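Reading through the structure tokens given below for one structure.
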Amino acid sequence: MTALMRTMETVRGRVAAAVRSYAWDHLTLAERVVYLAGPVLLLGLGFAAVFGYWAGGPVVDFVAGRLGIVRFFVSVTAILLLTVPTAFVIIYMELKVIARMNLRVGPNRVGPFGAVMSVIHGLKVLSKEDFAPTGVDLGVFTLAPLITFLASVMTLLVVPFAPALVGQDLNIGLLYFFALGGLTVVGLLMAGWASFNKYSLLGGLRSAAQIVSYEIPLTLSVVGVIILAGTMSLNHIVAAQSGSALDWFVFKQPLAALIFFIAATAEANRTPFDMTEADSEIVAGFATEYSGMRFGFFFFAEYVNVFIVSALTATLFFGGWTAPFDSPVHVNLNWFDPFSISAPVWGAIVLSVLWFGTLFLALVVRLLGGRSWGVIDSLALGGLLLVLGLAGLIGLAAFISIDWIRDLSWFMAKTYVFVFTFVWMRATLPRVRIDQLMGFAWKWLLPASLLNLFVTATAVVLLNR
Amino acid sequence: MDRTLKNRLEVRLAGLTRGPVRQRYDETEIRVSPGDAPKVLTILHDSIDLRFEILADLAGVDTGAEMQVVYHLWSPASDDWLRVVAEGISRDDPRAPSATFLWPGAEWLEREAYDMFGIVFEGNRDLRRILMPADYLSFPLRKDFLLGDDASRTPGAGVRHSERAQVPATPAGGDPAVRRAPAS
Amino acid sequence: MPTRRQPAQSATTNADPKAAPNARAAGGRRASAKPDVRGVGPRGRISADDPRVTLEQEIGSDLYEPIPPFPIKTEREGEFYSLRDGEIFLNIGPHHPATHGVLRLVLKLSGEQIVDVDPVIGYLHRGVEKICENSDYYHVIDQVDPLEYLSSLFQEWPAVMAFEKLMDVEVPRRAEYIRVLTGELLRISSHTLYMGFMALDLGGLTPILYSFIERDEIVEMLASITGARMLFNYYRIGGVNGDLNHEFMSRLGDWMSRAGKQAEAITALLNENEIFLRRMRDVGTMDRATALRYGVTGANIRACGVPFDLRRAHPYSVYPEIDFNIPTREEGDSLARYLMRVDEIKESIRIIDQCLHQMPDGPIMAKLPRLLRPRPGRAWAAVEAPRGSLGVYAMSDGTDQPFRFRIHDPSFMHLGVVPHMLPGNLLADTMAIVSSLDPVMGGVDR
Amino acid sequence: MAVNQRPAGRTARGKELAPAAPAGLAKPIVVPNTLWTPADPRARSAIAPSQADNTHLGPLGDGDALRADDGRWGRLQVIPTNADYVLELIRANSLWPLLSGLACCAFEMMSAATSKNDMDRWGMFPFRASPRQSDVLIVAGTLTTKMAGPLLRLWEQMPEPKWCVAMGDCTVSGGRYKRSYSVVQGIDRVMPVDVYVPGCPPRPEGLIYGMLQLGQLVKDRRGHWTERSIGPTAPKGI
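Going down the list, the protein sequences come from chains A, B, C and D. Letter 24 of the first sequence, counting from 1, is numbered 24 in our numbering, and no numbers are missing. Letter 182 of the second sequence, counting from 1, is numbered 182 in our numbering, and no numbers are missing. Letter 299 of the third sequence, counting from 1, is numbered 299 in our numbering, and no numbers are missing. Letter 108 of the fourth sequence, counting from 1, is numbered 108 in our numbering, and no numbers are missing.
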């Protein structure tokens, strides 16, 4: 008996060993990883479930108690992740829009309509050789792009994308924005000084003079808005403009809106105020000696700046995330509870919709396209059309029914209108001279903003009496 | 062709010109000695009936035997070009007075003539190489500066200047390798 | 390296010119090996007022032309390369986005204001005159093409005119009309490009592309008769190479039908642009006395109020039979120079129209021997190129090669005015002034 | 020699003449302004090219200093991996040319970037003004010995990986200036060249074709930068 059991065990052991070794030797790397990680993950999930069931309450209380910290880390991570695609989108937009304005086609080989071109550019810059020329001040040379980039990114923390979608709803959000926006000039100045190149030095000094001069009208032009809204929190400023488009501050503060836009253009170093990287004068300005990803940081920071400035213009003067008009259709989808339907029914519905819809659309395509469409082609196209249509429907439903999606899309729409304006100016306008630039700031913008502030304050006092 | 210009020139420049005033097509040519050139140019520029106030060109010329400086002038008073040839400059130590006192624009033209022929314009404040590199040694447009006919005869051409200068032509005969202008 | 150790002011010429290039060639190859020569140690700085060091950081190090170029040779050089307090040198070029071609300007700045400037040219000196003196008369026409590379027909024109004078050749009138027609077409394309580059140097991106559309149309048009887009080797001694063909005429008619509106469309981008006007007005003003003394010609001198245009002042082709105006402007600033081109485009369109109507039939080449041996003599011919009066001085010694072939280029003279015009302006005005003079480096350096 | 030995102080007399009063005419003043004197043997005597000193570039190809400096002559030690395939794919699709034109060809180069034939379609845009941020050096136009130094410096300032396109006959082989005394007979005597685009000047389509071939070349090399050396490394079809 025991002998039998012993032999059986040995046989089982050998078979198992043979199977195991056979399997393991013939596994690819990915499969081995999966075989190792799968059980670990399953075990981890089980333990997590047990732990959550056992100590769920206290953990939830802990997180809820320190919601500020959690929210802060989450939002900072989200914003850092947001900046890169934003920059890519704006770069692609600039490539394409300027090309169309030049009667060119623009990038159209990489990706659909060249949509991946900006990503390719970014990755290429990332993969270039990165070196510091002779005579640079290495520490400062290395820090400058980081400071410029971070100063731009951190200002995103207070931009309200939607009532709930704001990194930190500081009550001094506007002050925070100007404080961190002013940090950009430090980075540019460091770059200009550390490059050990006279073009860079001239560019850095120009940027210092320009940004410092334009900070003042930029800040003063907003004070009128602060007076009207009675707060410095961007979210509350937006809330103060809620209603219809007529409640936007651009109608109450038109001069301030104009001054803010001009000064913001100079703040973001965009044409016609791009003195700091004036190609035809100082070769690439502060970035002349920078190569590889150090230059890439400057490159990104410029476009993130454009986004931020546009977002702030939309927020302060054009009602931020508020809709310009209350939507004519009021559809309430709350009567629909997806859990009222059981899973198999759901599956049947989805499958049938996909199947019959595909067949129907394929038939339509075949009939319309005549013999030019084969069966497989028409089926593929029908499926594609169906998926697109379903996606559009779901998006529309979300836009109608979910608030923050609606607000976010309004905000993005307004912001990208101004981004487009910046690109448009870049394609159209020549560059002003440095003395004209400074004279314009000190002789015209500053008095105009002061006048605007005075008029606003007087009006508020008189009306509130 | 404007005959009166010839008479006016003969009256104004009596004794300053070498040989007669020649006219052909729309060009009038006078020849002076380099020493007289500044005086002649001043007369041509200042006198009321000539008013040659535009210096159209200043060219150096190396006839195998001597150097020449050729001025082309334009005046609104006459519809002819005037060519002033300052001839008889030695090839070994070519020196000529500068015309920058009348036309500051002549400075670069003289720099170029110096660069190409080695003619030293006395009185030009900025007489240095203008087209060739500052450390270039010989003068390309001189007749004893021979070109390589093709790359095979200019080893290392491109990276180095392909210059093959020869012993200077003696003022009397000159060597046969140098093309000579006909005595005209 | 004795030449670099000397102070900038010393005008001594005792440095051994044979040893110096050696040392420079060697030192340049291992520039990193001898940091003290380049003036920058591993972390060291040299005072920014030392011209010999700081400029070497920007233009080539000791492998290339040192600053000052060699032991100071001339007085003017000694003046320029000595710095006062608060002044720096800024080297622009030979490679710089704003200097069309390979012009190099060494600026002496105090702050952003230009104190003095020393243009350095010759980076495109190709020895064309020497090559022409060693090639026969047919090759010369091809060799001079790349000099005025924006309007190369105007470079061939004075050459063939001078040779025709030397050989007493009578050019048939149809050939003259074809020369005028093609020349004016090129004048339009050159001026259109000028306007585009003017805007590009002031920071505007778009006008240059519109200009290139026009230029490409004209150039393709000419390519249909000459076969080349840029260096048409078209004019011949005693006529032109080929007669007008159908493709050319159809393209020309198509273009002429909207040429005026196109020019308007391009200029409308700039002429109402306040930024553009403010940057061009009262910048680089040149009075007529200066223009005459510096030998300025062409549109630049007409912008100073001097109506000097060889097409009228010294009619050379069939221009006496054609009716057109010589636009002039009184204020000699960059804006006037720019608007001069705009007016000349309109005049050229008129000229082309008249050429098309008055062009006679007949031969396009005079009878010539196959081997050209003109009589010994000298000839000077000049035409009104887009940049000014472009002359050729040819000497013949009776052989089949020109004995002396001298090319006088207007851009050369215009760059000579730059040291007179720049000081006192800002750094940004350098581009507004230099590109408003419209130099072509191929013609400047020859 | 008398001119050479003149002490520097005497040049001050030239100042009286500067804008020149007519008084200065009678006795023109000689400013010592040249190294060259008739007696100076170096001015005339034939200089064998082997020991010719008055050149802007050192002897080509013999110094270790030539070989030693950064990957110009392909001395980078790179191990091609699968990542290189992706990287070269990316680089081949975003080739930023350096905005540098030397002569006639420069205008055909710009014409290749403008509306009619648009290089931007393949991502060969924007033209960077600073060599630190550009990938391709399109040598468009005649390269003279005076310009060879600055151009070589530009090439050295560009970060790796970088490529060089020789545009036009003058840059490919000296072209019509084969006989000239001041033209570099083909830029591959000065710097490595990846693609040659002949023509005088080549049409913009020709340049675009050359750039596309360069992209193919980049993809083919897959990080084998050591294959780049002096002389033609043109891809097939050029």
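Beta carbons: idealized from backbone N, C-alpha and C, even for Gly. In this text, all values refer to a predicted model and were calculated from it rather than measured experimentally.
Within-9 Å CB hit, residue i to chain D
| i | result |
| --- | --- |
| Ile145 of chain B | Reading off the sequence, residue 145 of chain B comes out as Phe, not Ile. Yes, Phe145 of chain B counts as interfacial toward chain D. |
| Thr313 of chain A | no |
| Asp169 of chain A | no |
| Ile120 of chain A | yes |
| Val283 of chain A | yes |
Cutoff 9 Å: residue i Cβ touching any chain C Cβ
| i | result |
| --- | --- |
| Gly105 of chain B | yes |
| Lys443 of chain A | no |
| Pro140 of chain B | yes |
| Gly186 of chain D | no |
| Leu109 of chain B | yes |
| Gln210 of chain A | no |
| Met116 of chain B | yes |
| Val432 of chain A | yes |
Chain-ordered neighbours of residue i on chain B, where CB pairs are closer than 8 Å
| i | result |
| --- | --- |
| Leu292 of chain C | Glu53 and Ile54 |
N-terminal and C-terminal residue of the alpha helix (DSSP H) that residue i is part of
| i | result |
| --- | --- |
| Asn7 of chain B | Arg3 to Arg12 |
| His72 of chain B | Per DSSP, His72 of chain B belongs to no alpha helix (DSSP H); it is in the beta strand (DSSP E), Glu66 to Trp74. |
| Arg206 of chain A | Lys198 to Ala229 |
| Arg294 of chain A | Gly292 to Phe317 |
| Gln436 of chain A | Ile434 to Gly439 |
| Thr86 of chain A | Leu67 to Met101 |
Partners in chain D for residue i, counting only beta-carbon separations shorter than 8 Å
| i | result |
| --- | --- |
| Thr466 of chain A | Missing from the structure shown is residue 466 of chain A; chain A here goes from 1 to 465 and no further. |
| Met132 of chain B | Lys146 and Ser182 |
Partners in chain A for residue i, counting only beta-carbon separations shorter than 9 Å
| i | result |
| --- | --- |
| Leu87 of chain D | Leu123, Lys124 and Ser127 |
Min CB distance residue i to chain B below 9 Å
| i | result |
| --- | --- |
| Ile121 of chain C | yes |
| Leu415 of chain C | yes |
Residue i - DSSP class collapsed to helix/strand/coil
| i | result |
| --- | --- |
| Asp243 of chain D | The structure shown has nothing for residue 243 of chain D, since chain D only spans 1 to 238. |
| Leu202 of chain C | coil |
| Gln23 of chain B | strand |
| Gly61 of chain D | Residue placement at Gly61 of chain D is flagged as unreliable, the pLDDT there being 42, under the threshold of 50; the coordinate-derived value follows with that caveat. Correct three-state label for Gly61 of chain D: coil. |
| Ser118 of chain A | helix |
| Ala112 of chain D | helix |
| Asp220 of chain D | helix |
| Gly382 of chain A | helix |
| Gly39 of chain C | Interpretation of Gly39 of chain C is limited by its pLDDT of 36, a score under 50 that renders its predicted location unreliable; no figure is taken from the coordinates. |
Contacts of residue i in chain B (Cβ-Cβ under 7 Å)
| i | result |
| --- | --- |
| Trp380 of chain C | Glu27, His72, Trp81 and Arg83 |
CB contact check: residue i to chain A, cutoff 9 Å
| i | result |
| --- | --- |
| Asp53 of chain D | With a pLDDT of 39 at Asp53 of chain D, under the threshold of 50, the modelled position of this residue cannot be trusted; read the value that follows with caution. Cβ-Cβ to chain A under 9 Å: no for Asp53 of chain D. |
| Glu160 of chain D | yes |
| Phe276 of chain C | yes |
| Tyr316 of chain C | no |
| Ile208 of chain D | no |
| Arg451 of chain C | Only positions 1 to 446 of chain C appear in the structure, and residue 451 of chain C is not among them; the question remains open. |
Closer than 8 Å at the beta carbon, the chain A residues around residue i
| i | result |
| --- | --- |
| Asp120 of chain D | Leu95, Ala99, Arg104, Val105, Gly106 and Pro107 |
N- and C-terminal bounds of the beta strand (DSSP E) containing residue i
| i | result |
| --- | --- |
| Arg128 of chain B | That residue, Arg128 of chain B, is in no beta strand (DSSP E); it is neither H nor E in DSSP. |
| Ala385 of chain C | Gly377 to Ala385 |
Chain-ordered chain D contacts of residue i [CB-CB under 9 Å]
| i | result |
| --- | --- |
| Val76 of chain A | Chain D residues near Val76 of chain A: none, gap ~29 Å exceeds 9 Å. |
| Asp216 of chain C | Ser111, Thr114, Ser115, Lys116, Asn117 and Pro204 |
Listed by chain order, chain D residues near residue i by CB distance under 7 Å
| i | result |
| --- | --- |
| Met117 of chain A | Gly123 |
| Val110 of chain A | Asn93 and Gly123 |
| Gly203 of chain A | The premise fails here: Gly203 of chain A is roughly 11 Å from chain D at the closest Cβ pair, so nothing lies under 7 Å. |
> Are at least three pairs of beta-carbons, each pair with one atom in the segment 28-38 of chain B and one in the segment 331-344 of chain C, less than 8 Å apart?
Replying inline: no
>> Three or more C-beta pairs under 8 Å: does that hold for the segment 400-416 of chain A against the segment 374-388 of chain A?
In response: no
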